[in-house]
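In the numbering used here, the protein residues as written are 29 to 175.
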């Protein structure tokens, strides 16, 4: 999803921004052929963060090898690794935000808490083990909402 990233030139302070509308358009096109399942959708933020970290490390690696090999001059193209570091930080912030979510399994008639889970998959599995699943619901809360 690196193509969803927009770049500003040096005159703009060498900025890097993730364009969520490009990602939404890409995903819409992709899912018109093959819809993503729930686990794949939940994995996207982690995969985006991981890709940005890999690009950051690759740029650092190029700098290291250029220095180790004594390569200098105008014919050596070195891209700023800080841009990828900032992009990785942006994506990891979204991962951390999603991890501040809990899934609460509730009894519908009396709104009693049956269980609290860190992932929707765990909550769904617990829900599926109940005798009458129609009497229960899964609600999503951020940790801030529960404080």
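Even for Gly, the Cβ is constructed at its ideal location relative to N, Cα and C.
Assignment of residue 57 by DSSP, reduced to helix, strand and coil, places it in the helix class.
When C-alpha distances from residue 65 are compared across 142, 95, 128 and 148, the shortest belongs to 148. For residue 135, the three-state secondary structure derived from DSSP is strand. Annotation for residue 165: the continuous beta strand (DSSP E) segment containing it runs 164-170. A contact between stretches requires three or more CB pairs, one per stretch, nearer than 8 Å, and the segment 62-81 meets this requirement with the segment 98-117. Within the DSSP bridge table, the entry for residue 143 names 133 as partners.
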